[in-house]
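Engineer: Got a structure for you, questions after.
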Amino acid sequence: MLGGRALTCSLMVLITSVVGCKRDLGECNLDGLTPDGRPISGPAAFDIAYRLTDGLPMYEGQALVQSTCGDGAFCHAPAAVGADRIGVPAGLNFDVALACEDETVDPACAQPIESCEGGQADTLYCQRLERLRGNQANIHEWAEGMIQEMRAGAMPPGEAGRNVRDTTPWIRESNGLELPPIESAEAQEIVRNWLACQAPVVARTELPSGAELPLAECPSVDDEICIYNGPEGDLPEPRWSEIYWSIMFTQCVVCHGPPNDTTDDPNPDNPLGGDIPGGASLDALTALNLTGSDTTDTTNWPTESYPAVVDALAADPGLCAGLGTVVIPFDSAGSLMIQKMRNEQTCGAQMPTTGIISPTLTQIVEDWVDMGAQDD
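Numbering (my numbering), first residue to last: -13 to 362.
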């Protein structure tokens, strides 16, 4: 029986022996290194993300494929039948859900978990683990075709795929930001590398017993990869302060903020651990400043930026100058910010330009607007 770290090392040896057989998948970045030990940059196969609502951990590539290709209910999920498969042939399942979540969610996974060694297969854990490994084998077989379809925009399948996918945000452990949407080049590179590294999967999770353990490896039972649950997280409430720190600061200030090299922001509410983004676009900052008077201390940024958003006309420079109001209280449909977040604007481009804010988070902003867009 292998522990988590030993299992990772064993998996690296296996990957070294098989990587390179699929031409379109390119080079494998395991964890900052190629299988033969050379340093390499970019997304790594063992980078972890956790689901915002409950801390469920997965590898980033695993989370992207799971949330957009099946998630236990549609397209490439074993439970999907008939129209729910949206044309996917029976048996072509890519579902990589964990075999066991923590026992508060899944009582069948209460500790200690009985091993499947010796041919035991009648427990829910063993049945789920066998199914996970079978679907992982499907992914290995179809990996090259999967990335080709993603690059062509055919997978997930257009509007149908967007309507059924799970839009719950996944947070990247490496930088605290939300995983990018599957349509983006960044997400497709994450998936490509995950596939090139033989699509490793987190198979089981447990609740950490201490604050130092979230997203660390937990003991393996059957050579499966086990990762402790990530930080407990809740979706932001429809209040300006929560929306600001969870969305505006992390997704928008990089363009709508001044150049800033500060990495020791004294504000304990800074979700980026002291880093202050900004400086990506002088024009965007001129049109909409989402910061405050003190560029080295973000404490008052939500309050100071509020007047630039609510009842504020779109300003120069920009294609929307004078053509709309950023936020109109009680009118989300007429608010330019909501239109751009939903990519339904009549002027200018979707925002943010770096990627799509999930419909789940966008709905929270919309609810705040329709409740009067108050400053709390």
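All residues carry an ideal CB built from backbone N, CA and C; glycine is no exception.
#1: Measure the C-alpha to C-alpha separation of residue 51 and residue 279 and round it to an integer number of angstroms.
#2: Should residue 186 be labelled buried (16 or more other beta-carbon atoms within 10 Å of its own) or exposed?
#3: Residues in its own chain within less than 6 Å of residue 168 by CB, not counting five upstream and five downstream?
#4: Can you tell me the Cα-Cα spacing of residue 277 and residue 266, whole angstroms?
#5: Give me the residue from 90, 157, 179 with the minimum Cα distance to residue 371.
#6: Quick one: grab the DSSP three-state call for residue 350.
#7: Does residue 11 come out as helix, strand or coil in the three-state DSSP assignment?
#8: Tell whether a beta-carbon distance below 9 Å holds between residue 239 and residue 263.
#9: Thinking just about the alpha-carbon of each residue, which of 339, 291, 112 is nearest to the one in residue 241?
#10: When the cut-off is 9 Å and only beta carbons count, does residue 14 lie next to chain B?
#11: Using the three-state DSSP reduction, which class does residue 311 fall into: helix, strand or coil?
#12: Would DSSP call residue 129 helix, strand or coil?
#13: How many Å lie between residue 288 and residue 330 at the Cα?
#14: Once DSSP output is grouped into helix, strand and coil, what is the label at residue 323?
#15: Take residue 320 and list the residues in its own chain whose beta-carbon comes closer than 7 Å to its own, dropping the five residues that flank it on each side.
#16: Would residue 188 and residue 48 be called neighbours here (beta carbons separated by less than 9 Å)?
#17: Going by the DSSP bridge assignment, what does residue 102 pair with across the sheet?
#18: Using DSSP's beta-bridge definition, name the partner residues of residue 44.
#19: Does the contact criterion of 3 or more C-beta pairs under 8 Å hold for the region 57 to 77 versus the region 88 to 97?
#20: Going by C-alpha to C-alpha distance, which of 317, 316, 318, 297 sits closest to residue 308?
#21: Check this for me: beta carbons of residue 216 and residue 157, under 9 Å apart or not?
#22: So, under 8 Å CB-CB, residue 163 and residue 236 are touching, yes? Tell me the CB distance rounded to an integer number of Å.
#23: Measure the CB-CB distance between residue 246 and residue 282 and report whether it falls below 9 Å.
#24: On the DSSP letters alone, give me the boundaries of the alpha helix (DSSP H) that residue 157 sits inside.
Structural biologist: From the atom records:
#1: 42 Å
#2: buried
#3: 50, 54
#4: 14 Å
#5: Given that the chain is displayed from residue -13 to residue 362, the structure contains no residue 371 and the question cannot be resolved.
#6: helix
#7: helix
#8: yes
#9: 339
#10: Looking at the structure shown, chain B is missing, and only one protein chain is on hand.
#11: strand
#12: helix
#13: 26 Å
#14: helix
#15: 314
#16: yes
#17: Beta-bridge pairing links residue 102 to no other residue.
#18: 35
#19: no
#20: 297
#21: yes
#22: 6 Å
#23: yes
#24: No alpha helix (DSSP H) contains residue 157, which is instead part of the beta strand (DSSP E) from 156 to 158.
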